Structure formats: C-alpha cells, structure tokens
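**Q** Quick note, the sequences are listed as chains A and B, same order.
30 is the number of the first residue of the first sequence in the numbering used here; add one for each residue after it.
12 is the number of the first residue of the second sequence in the numbering used here; add one for each residue after it.
In this text, a Cβ means the ideal position worked out from N, Cα and C, and glycines have one as well.
It should be emphasised that the depicted structure is a prediction, and the values quoted were computed from it without experimental measurement.
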Amino acid sequence: MSNLTQIALLCIALAPAAAAAQSVDYARSRITCVSTQMKVPVEAEFRRFRAQLAFDPSQPETGSARIEIDLASFDIGSEEVNVEARGRNWFDAGNHPQARFDSTSARALGGGRYEARGPLTIKGRTHDASVPFTVKMDAAGNATFEGVFAVRRLQYGIGEGVWKDTDTVADEVQIRFRIVTSGKPPQKKP
Amino acid sequence: MTGTAASGHARYTGTAIGLHWIVVVLIVAAWALGLTMVDLPLSPQKLKLYSWHKWIGVTIFLLALARLAWRTAHRPPALPSSMPAWQSRAAAASHALLYMLLLAIPLSGWLFSSASGVPVVYLGLMQLPDLVGRDKTLAELLKQVHVVLNCALFATACIHVGAALKHHFVDRDDVLARMLPLVAPRRREK
Chain A
30 MSNLTQIALL CIALAPAAAA AQSVDYARSR ITCVSTQMKV PVEAEFRRFR
80 AQLAFDPSQP ETGSARIEID LASFDIGSEE VNVEARGRNW FDAGNHPQAR
130 FDSTSARALG GGRYEARGPL TIKGRTHDAS VPFTVKMDAA GNATFEGVFA
180 VRRLQYGIGE GVWKDTDTVA DEVQIRFRIV TSGKPPQKKP
Chain B
12 MTGTAASGHA RYTGTAIGLH WIVVVLIVAA WALGLTMVDL PLSPQKLKLY
62 SWHKWIGVTI FLLALARLAW RTAHRPPALP SSMPAWQSRA AAASHALLYM
112 LLLAIPLSGW LFSSASGVPV VYLGLMQLPD LVGRDKTLAE LLKQVHVVLN
162 CALFATACIH VGAALKHHFV DRDDVLARML PLVAPRRREK
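(1) Within the 9 Å Cβ cut-off, does Ser9 of chain A reach chain B?
(2) So which residues on chain A does Lys177 of chain B lean against when the C-beta distance must stay under 9 Å?
(3) Where Val39 of chain B and Phe165 of chain B are concerned, what is the direct C-alpha to C-alpha distance, given to the nearest angstrom?
(4) Asp131 of chain A and Pro148 of chain A look like a contact to me (Cβ under 8 Å); what is the Cβ gap, rounded to whole Å?
(5) How big is the Cα-Cα spacing for Ala16 of chain B and Arg100 of chain B?
(6) Determine the burial state of Cys234 of chain A: buried for a count of at least 16 other Cβ atoms within 10 Å of its Cβ, exposed for fewer.
(7) Could you spell out the range, first to last residue, of the beta strand (DSSP E) harbouring Ile208 of chain A?
(8) Identify whether Gln138 of chain B lies in helix, strand or coil by the three-state DSSP scheme.
(9) Compare the C-beta of Glu113 of chain A against all C-beta atoms of chain B and say whether one is closer than 9 Å.
(10) Might you give, ordered along the chain, the residues of its own chain that have their beta carbon closer than 8 Å to the beta carbon of Gly188 of chain A, omitting 5 neighbours on each side?
(11) Mind checking His85 of chain B: buried by the 16 CB within 10 Å criterion, or exposed?
(12) Closer than 7 Å by beta-carbon distance: list the chain B residues that pair up with Lys152 of chain A, in chain order.
(13) For Gln88 of chain A, does the three-state DSSP call read helix, strand or coil?
(14) Only counting runs of 3 or more residues, tell me where the beta strand (DSSP E) segments fall wholly within the region 135-169 of chain A, in order along the chain.
(15) Residues bridged to Asp99 of chain A by DSSP?
(16) Assuming Glu81 of chain A is part of the beta strand (DSSP E), what are its boundary residues?
(17) Could you check where the alpha helix (DSSP H) with Ile28 of chain B kicks off and where it finishes?
(18) Just to confirm my understanding: we take Leu43 of chain A, look at its own chain, exclude 5 residues before and 5 after, and list those with CB closer than 7 Å. What are they?
(19) Name the DSSP bridge partner or partners of Pro70 of chain A?
(20) Can you give me the start and stop residues for the alpha helix (DSSP H) that Gly176 of chain A sits inside?
(21) With 9 Å set as the bound, which would you pick, yes or no: does the beta-carbon of Thr15 of chain B sit closer than that to a beta-carbon of chain A?
(22) Could you check the C-alpha separation between Phe207 of chain A and Leu142 of chain B for me, to the nearest Å?
(23) Can the beta-carbon of Gln81 of chain A be found closer than 9 Å to that of Ser64 of chain A?
(24) Whole angstroms is fine: what's the gap from Pro87 of chain B's alpha carbon to Ala96 of chain B's?
(25) Please list, in chain order, all residues of the same chain as His64 of chain B whose beta carbon is under 7 Å from its beta carbon, the five residues on each side excluded.
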C-alpha cells in the first residue's frame, strides 16, 4: 500500500470527524449586497471572491469558513456608481482591496438553520459578525449554502463625507450569499 | 351663445380645473428636477432628486388616470360652435395625445428605472413591482424613449398653450377662461 493510498484512506476514515474543505462552484455562487437609497433597495454583486468552506451538517461545530471578497469587483450596474464605490469615501479598494470573513465558531440553530460567527474585516476595520445560513444537499453531494445578514456600513467607514447621512443611504446593508460546493472529493491536503 | 349650461357659460368643473393645474405644476417640477439631476455628480442630493422626480412621475400618472375617470363622468364643455371643424378635431387630437403622454412618460420612466436595477418606491413608502429585469441595453433604449416622449410632451404642450392664448386674445372666446380657476368667463354683451 503506497503512502498516498494510506493517506487517502485515512482521509476517508476521518472525513466525518473533521469536515474537509469543499471545492466551490463559482459559476453557481453569488455574493450580493442590497443597500437602501431613499428607501429604495438596490442590489449589487461582488463578482470576484474566494471561499473556503468545510461544513458537515451532522457536525456543524466542526465547520469553518473563510471568505475573501475583491471589493473592486463591486458591480451595481452603473459604471458611475461602481467608480464611486471603489473610491476613498466607500470601499477605498485601492488601499483595502479585500473584505474578509473568518469563522471562529459555527453552530446549529435548529430547523435546518446554522450560524457562523467570526471577525469581518472591511476597509481595515474589524467587527464580529454573525452569519446565519441554511444548507441544502442534493443527491450528487453538492451543497448549497445560503444566507442573509446585515452589516452596518458606518461601522466600517463605508460611505464617508457627505455619504454619512443615513437619510439618503441607510446604515444597514444586507449581504446575501449563495455558495455552492461540488460533491467531488475534498481537495484539502491531508 | 355657445354655452350649454344654464348660465350660458359652461366651465370645466372645479375638480377638473384643480387637477389640470396641479398636473401642470407637477410636470414643470418633474422637468426641472429631471434636467437638473442628470447633470449632477453622484451625491446624496442627486439620489434625492431622482427619488423626488420618480414620485412626481407616479403622481402625474395617477392624476392622469383620475382626470380621465372624472372626464368620462363629467364631459368637458363644448367648444365654441364658431370654431372651424379642423380646429375642433385638432383640439380633440392634441388633448388625446396629452393624456397618452401623461401616462406613457411615467411608465417609460418606471420601465427605465426597473431595467436599471433601481426599483421605484413611491414616496419612500410603497415599492412598485419591477416591470422588467435589470438589462443595461434595454435601460439605455428606455432612457431614449423617456427623453423623446418628453420632447413630444413639450412640443404638444406648446401647441396647447399657444392655442389657448390664441382663443383668449385673438378669438376672444371662453376656451381659456373655462379652465382658469377664479376667473369668470367673459361676459358677452352681444
């Protein structure tokens, strides 16, 4: 038995105990945010992000997630607004290219719902975030993680200067995500 | 004598007169906001003006429907019998065109907003359904339609005002006075 085979078998044996990173199907995954301008909800998409997920619904507390979002990939459908959003008053994507979430704990909320908690860093500022989500498994072993949570933009200095006024752009921004992981064997190193 | 009412000088009803002049004020306000807002740099002020412009547009649409409903129950006073037939036909046609534009212009704006991915939230209270999905090409087309229809409204309104002034100062009949608030129709001594 080669070393590689032994490692592979070990992985299979250990799989239920420690959830392994699942490979993400980016074509079917989406991270969007909905900001509210003059009570008008407007959706924008973050077109580039990386996600590392390891989650087993039978052992949620072993799960972990790391999400990194390229803030320059923000797309609200208007180039004028996209340029403004990348600028210093908003994401300042030149100096802080990425937003990042690292889970430090995960738990089941019951009823097929789960929650990951951990630091969320945007524009160099870090606050704890609680991210509720659901997981749907299909027959092929693909998992779809979906959730919505709110971020207070001003906590992160998003929308400075004239944009601090929350009568025009509300403080609360909804982050929505759907991350699909394929049912292929985990690609995590043993 | 051309009047049909007992007084001999038929006027529009107070409701019809009120609605007419409210819509005039709203159209002028929507034009002023529209022409101002498009040239503003992106700012909270710009977002406010866009919202106000849309609220006014929805209001004009609703008032145009109310006017048409009122008009079916309260026929407008007859035009002077001295008017040439072609002028009566032109008056009827331009009034029909004005009503169509009062409905079509807000509708094109609503479609344009939907295609741009920005829902319309009337008065910041009631979110209208998106008529079409987000589509940049369609949005650009609808923007042109919105502009062209407004040019058509401006041209038709100029004819409308010109005709009213001609009736008042050249023909010296009651056509303008019957739509003026607080102005009694001319007394005809002869």
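**A** On the basis of the coordinates in this document:
(1) The structure shown has nothing for residue 9 of chain A, since chain A only spans 30 to 219.
(2) None at all; the shortest Cβ gap to chain A is about 43 Å.
(3) C-alpha separation (whole angstroms): 10 Å.
(4) Approximately 6 Å separates the beta-carbon atoms of Asp131 of chain A and Pro148 of chain A; this is inside 8 Å, confirming the contact.
(5) Summary for Ala16 of chain B: the model assigns pLDDT 40, below 50, so the residue's position carries little reliability; its value from the coordinates is reported in the next sentence. In a straight line, the C-alpha of Ala16 of chain B is about 22 Å away from that of Arg100 of chain B.
(6) Summary: the structure shown does not reach residue 234 of chain A, with chain A confined to residues 30 through 219, and so no result is reported for it.
(7) Start and end: 201-210.
(8) Judged by DSSP in its simplified three-state form, Gln138 of chain B adopts strand.
(9) Yes, Glu113 of chain A counts as interfacial toward chain B.
(10) Cβ within range, chain order: Asn118, Trp119, Arg182, Val198.
(11) By the C-beta density criterion, His85 of chain B is exposed, having fewer than 16 other C-beta atoms within 10 angstroms.
(12) Against chain B, a Cβ distance below 7 Å from Lys152 of chain A picks out nothing, because the smallest value is about 19 Å.
(13) In the structure shown, Gln88 of chain A sits in coil (DSSP, three-state: anything other than H, G, I, E or B).
(14) As far as the region 135-169 of chain A is concerned, its whole beta strand (DSSP E) runs of at least 3 residues are 142-151, 154-166.
(15) When beta bridges are read from the DSSP output, Asp99 of chain A appears opposite A:Gln127.
(16) Rather than Glu, the amino acid found at residue 81 of chain A in this sequence is Gln. The continuous beta strand (DSSP E) containing Gln81 of chain A extends over residues 78-83.
(17) Judged by DSSP secondary structure, Ile28 of chain B falls within the alpha helix (DSSP H) whose first and last residues are 25-48.
(18) In this prediction, Leu43 of chain A scores a pLDDT of 44, lower than 50, which makes its location untrustworthy; the coordinate-derived value is nonetheless stated afterwards. None.
(19) Answer is A:Thr65.
(20) For Gly176 of chain A, there is no enclosing alpha helix (DSSP H); the enclosing beta strand (DSSP E) covers residues 172-181.
(21) Note that Thr15 of chain B has pLDDT 40, beneath the 50 cutoff, so the model's placement of it is unreliable and no number is given.
(22) Here the sequence assigns Arg to residue 207 of chain A, which means Phe is not the residue at that position. Taking the straight line joining both Cα atoms gives about 25 Å.
(23) In this structure, Ser64 of chain A does not lie closer than 9 Å to Gln81 of chain A by Cβ.
(24) Taking the straight line from one Cα to the other gives about 17 Å.
(25) Cβ neighbours of His64 of chain B beyond the five flanking positions: Ala41, Leu44, Gly45, Met48.
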